[in-house]
Each structure stands twice: as structure tokens, then as C-alpha cells.
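Chemist: Below are the C-alpha cells for one structure; questions will follow.
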Amino acid sequence: MENKLITDKPITIIGVGDGAIQILCHIGSECKGNVSFIMYNTNVEPLECSKDLGNDDEKVIVVSCLGGDCGNSTAPVVVREARKLGKNIMAILTLPFSLEGSSKLEKALESAKEIESIADMTIMIQNQYFMDNYGKQPIIEAYRKADEIICRMINQIIMI
Ligand SMILES: Nc1nc2c(ncn2[C@@H]2O[C@H](COP(=O)(O)OP(=O)(O)OP(=O)(O)O)[C@@H](O)[C@H]2O)c(=O)[nH]1
Ligand SMILES: [Mg+2]
1 MENKLITDKP ITIIGVGDGA IQILCHIGSE CKGNVSFIMY NTNVEPLECS
51 KDLGNDDEKV IVVSCLGGDC GNSTAPVVVR EARKLGKNIM AILTLPFSLE
101 GSSKLEKALE SAKEIESIAD MTIMIQNQYF MDNYGKQPII EAYRKADEII
151 CRMINQIIMI
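When we follow my numbering, the leftmost residue of the sequence shown carries the number 1, and every step to the right adds one.
Take a look at the structure:
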């Protein structure tokens with residue numbers, strides 16, 4: 001099957017928190033088509049978010065590496081506002097490494113659970129997988145592996 005080039009339909013990709021912004025920066029340089037980007041790196045008020053989402057994009061992809069304050073608190077706000085505006089929402093989330101501790105993981109899971117209950121589709125990626133399955137490597141290498149996979153995934157998704 002021939003891959004049609006991305007969508008005439010507009011897509012907004014929203015990155016929440018530092019990790020997600022890294023990922024979006026990779027995608028941004030490769031991405032063709034009717035795609036726009038929003039990046040949040042602080043806590044965001046619902047009103048501000050709904051203004052940012054106020055155009056006629058049908059589909060939003062919310063990317064967040066959960067575990068930090070910004071992602072944990074703002075990614076659910078973004079998803080709630082997108083839902084109120086009737087968007088089709090896909091969430092792509094990562095969960096923290098085991099070595100980051102259980103309290104970080106618990107908070108991440110709490111946010112993930114809320115997001116999953118609202119979004120049309122949620123893809124959850126465990127950073128730990130890249131630590132366990134690609135040989136011993138520094139944490140930064142595991143991040144880059146996760147980022148690469150997420151970038152490829154998004155590039156495929158937006159071509160559908
Ligand atoms: N895949 C991936 N995960 C990352 C990266 N950087 C951080 N993370 C993970 O994402 C989680 C959240 O980190 P950040 O994105 O830096 O946090 P934040 O949302 O900006 O939150 P604060 O800085 O605490 O306000 C961490 O627990 C890490 O597991 C990255 O470059 N790639
Ligand atoms: Mg941060």
C-alpha cells in the first residue's frame with residue numbers, strides 16, 4: 001500500500017514538559033504536512049490552553065514524558081481542554097525509569113490514568129524497557145532510544 005503523504009487534515013502536536021519538547025524538536029525537523037506544534041514547559045491554565053487549541057484542528061496528539069511536575073499536572077489539563085473542544089485526541093506518554101523512584105512513578109500513573117480515561121487513544125511507553133532490552137547503557141542513551149521510537153511512531157501516525 002502506498003503511503004499517502006500526510007493528511008490534508010490539520011494536526012496539532014502538543015508537547016508537555018522537557019522530555020516531550022526534546023521529542024517534538026526531532027519531529028519538527030522531519031515533519032511534512034499540515035502539522036503544527038504547541039509546547040508547554042510550565043503549568044498552564046485551562047483558559048490559556050483552550051485559546052491555544054481554538055482553531056479547527058480535528059486531531060491533536062499530546063506527548064508527555066510523565067514523572068516531572070509540568071507533565072504530570074499540565075498534560076491532563078491539555079487533554080481535558082481538548083476534549084471540551086471536541087478534538088480527536090491521541091496521547092503518547094512515557095513512564096519514568098525504576099531508578100527514579102516509586103513516588104515519581106505513582107504520580108505519573110495517576111496522571112496517565114486520568115489521560116487514558118479521556119483521550120480517544122493512549123499509547124504508554126515505559127522508559128525502563130529501553131534500559132532493560134538494549135544492554136547496559138547510560139540513562140541518556142535510553143532516553144534517545146525512547147525518543148527515536150516515539151518520533152517514528154508519530155511520523156507514521158500522521159501519515160495515516
Ligand atoms: N523519553 C524521554 N524521557 C525523558 C526525557 N527527559 C526526561 N524524561 C522522563 O520524563 C520524566 C519527566 O521529566 P521532564 O520532562 O524533564 O519533567 P517536566 O515535565 O519538564 O517537569 P518539571 O521539570 O519537573 O517541571 C522524567 O521522569 C524522565 O523519566 C527525554 O529526553 N526522553
Ligand atoms: Mg521541566
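For every residue, glycine included, the Cβ atom is placed at its ideal position computed from N, Cα and C. Source: prediction; values computed, not measured.
Does the separation of the CB atoms of Thr74 and Ile38 fall below 8 angstroms?
Modeler: No, these two residues do not count as a Cβ contact at 8 angstroms.
Chemist: How is Gly54 classed by DSSP in three states: helix, strand or coil?
Modeler: Looking at Gly54 - three-state DSSP - the assignment turns out to be coil, as it is neither helix nor strand.
Chemist: Who are Thr162's beta bridge partners in DSSP?
Modeler: As displayed, the chain neither begins before 1 nor continues past 160, which places residue 162 out of reach and without an answer.
Chemist: Helix, strand or coil for Asn127, going by three-state DSSP, please let me know.
Modeler: Residue state, collapsed to three classes: helix.
Chemist: Check whether the stretch 51–67 touches the stretch 86–93, counting contact only when three or more Cβ pairs, one atom from each stretch, lie closer than 8 angstroms.
Modeler: The stretch 51–67 vs the stretch 86–93: in contact.
Chemist: Between Gln128 and Gly68, what straight-line distance do the alpha-carbon atoms span, to the nearest angstrom?
Modeler: Taking the straight line from one Cα to the other gives about 16 angstroms.
Chemist: If you scan the stretch 86–151 from start to end, which runs of the alpha helix (DSSP H) of 4 or more residues do you find wholly inside it?
Modeler: Listed in chain order, the complete alpha helix (DSSP H) runs (minimum 4 residues) inside the stretch 86–151 are 102–118, 127–132.
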